[in-house]
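*Asks:*
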Amino acid sequence: MEHRKKLIIAIVMPSYYEDIFGGSEYQASLLANAAINHGHEVHYIFAATHEHYNNPLNIKLHPIKRIKISKRMGSTWFIYYKLIFDILIEIKADVLYVRSGTSWAAITTSYAKQYGCKSIWHVASSNDITPKPFLSLIKRPFDLIERKAIEYTIKNATYVVAHARFQADLLLKHYDRNAIVILKEQPVPIEPIDKSGPFTILWVSNIKPLKQPEIFIRLADCLKTVKDLRFIMIGRPASGKYQDNLMMSIAQARNLNYLGEQPIEKVNQYFAQSHIFVNTSLFEGLPNTFVQAWMREVPIVSMLLDPDDILTKQNIGFFSRTFEQMVQDIQFLINNPATRQKMGERARSYALQNHSLDINMGKLIKLIES
């Protein structure tokens, strides 16, 4: 029987997955579960928004009270430096893992260099590895600090992990840093795949400007004359005037339902019943929602993203590039059910071969244990 050394692993993330169930938080929860199942001790350091948290995975939680401060000067994650450092000193972790494009990555990398442990920075967004013009940062000076922190992390982390080949290429091009590519992972679906209900076009993401939900609302309006067609939006609402304006537009769309934030199990049920998934983001890496859709036989129509050219090379969706073409691509899938079904079947086959939880999480655990 193989003897495995028990490691102390610290996951350092600005948000706990119960607070913001975004892609990075979800992946962190999958890692925590896998590490515990491999016999390791897992700690999770995060900025807390309330006092009590559910902890079904039996992680050792280290909530830090979130510091409220004006963001007019930019992001201020660096102000948690001493608080995080003190917790890391107390934990004495063997491995530090961060999946965040904030200065928290630099804090953990700095600790790892000082105390001789391993640090892993997992790229969360392609935006984090794309250089920014200096003039665009000095308007909000704290953003410049955050940017310098990420550049420090890229240079000094023990390992940088990308979840798509194009991200590794960006790191090599812009920062001369090699990355380990470990594809996004998802559990094999347990819910039944059933496309017999109303024709459903789905959009899933936390509501924020870079995700461009207003384009999905516009899409629903363009196709409002198509009979028996429904549009569903799922995602944590934003705040302030941006969300208010979206809600006004949604209220005027008779064929669109906004369901707000939903638990992951419910989201996966909607994927299993949907016919097309739409992505309108300005930029991302390889979204979790892509893999969720593929595993449930849902072709993707993406306006601005085709990570590693997967949609086009595998013929499992459309990379539209413009709003007008996106409308045409969706109309094509609506009017050609046989083609749509074959696309969905290919998508599931591709996802099971390349994005299964066992394969890719196994690679990450192996990196942690190496």
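Per the working numbering, the very first residue in the sequence shown carries number 110; after that it's consecutive. From the three backbone atoms N, C-alpha and C, an ideal C-beta is built for every residue, glycine too.
(1) Is it true that the CB of Leu461 sits closer than 8 angstroms to the CB of Met404?
(2) Please go through the same chain and pick out, in chain order, the residues whose beta-carbon is closer than 6 angstroms to the beta-carbon of Glu160, but skip the five residues on each side of it.
(3) If we require 3 or more residues per run, which beta strand (DSSP E) segments fall completely within the region 265 to 341?
(4) Going by C-alpha to C-alpha distance, which of Val376, Tyr459, Met357, Lys169 sits closest to Glu300?
(5) How far does the alpha helix (DSSP H) with Glu433 in it extend, from its first residue to its last?
(6) Going by CA-CA distance only, name the one from Asn354, Glu294, Ile310 that's closest to Asp337.
(7) Spell out the partners DSSP gives Ile120 in its beta bridges.
(8) Bridge partners of Phe428, per DSSP?
(9) Can you give me the C-alpha to C-alpha distance between Gly369 and Asn354, rounded to a whole angstrom?
(10) Mind checking Pro165: buried by the 16 CB within 10 Å criterion, or exposed?
(11) Counting only the same chain and skipping the five closest in sequence on each side, list residues whose C-beta sits under 7 angstroms from that of Arg208.
(12) Can you give me the start and stop residues for the alpha helix (DSSP H) that Tyr190 sits inside?
(13) State the Cα-Cα distance for the pair Tyr126 and Thr158, rounded to the nearest angstrom.
(14) Count the other C-beta atoms from every protein chain shown that fall within 10 angstroms of the C-beta of Arg430, then say buried if there are 16 or more, exposed otherwise.
(15) Along the chain, which unbroken stretches of the beta strand (DSSP E) at least 3 residues long are found entirely within the region 351 to 380?
(16) Tell me whether the region 210 to 217 and the region 138 to 146 touch, counting them as touching only if at least three CB pairs, one residue from each stretch, are closer than 8 angstroms.
(17) Considering Cα atoms alone, identify which of Glu150, Ser383, Asn364 is closest to Ser305.
(18) Does the Cβ-Cβ distance between Gln276 and Ile238 come in under 8 angstroms?
(19) In the DSSP assignment, find the alpha helix (DSSP H) that holds Ser219 and state where it starts and stops.
(20) Assign Phe392 to one of two classes, buried (16 or more other C-beta atoms within 10 Å of its C-beta) or exposed (fewer than that).
(21) Closest to Phe187 by C-alpha separation, out of Ala329, Arg256, Lys169, would be which residue?
(22) Identify which residue in Val151, Val407, Gln223, Lys169 has its Cα closest to the Cα of Tyr206.
*Replies:* Looking at the atomic coordinates:
(1) yes
(2) Shown here for Glu160: not one same chain residue has a beta carbon closer than 6 angstroms to its own, the five before and five after excluded.
(3) As far as the region 265 to 341 is concerned, its whole beta strand (DSSP E) runs of at least 3 residues are 268 to 271, 308 to 313.
(4) Val376
(5) 432 to 444
(6) Ile310
(7) Tyr153, Tyr206
(8) Ser411
(9) Distance from the CA of Gly369 to the CA of Asn354, rounded to the nearest whole angstrom, comes to 15 angstroms.
(10) exposed
(11) Met122, Ser133, Gln136, Ala137, His231, Ala233
(12) Element bounds for Tyr190: 190 to 200.
(13) 12 angstroms
(14) Of the other Cβ atoms in all chains shown, fewer than 16 fall within 10 Å of the Cβ of Arg430; this residue is therefore exposed.
(15) 365 to 367
(16) no
(17) Ser383
(18) yes
(19) Residues 212 to 224.
(20) exposed
(21) Arg256
(22) With distances taken between Cα atoms, Tyr206 lies closest to Val151.
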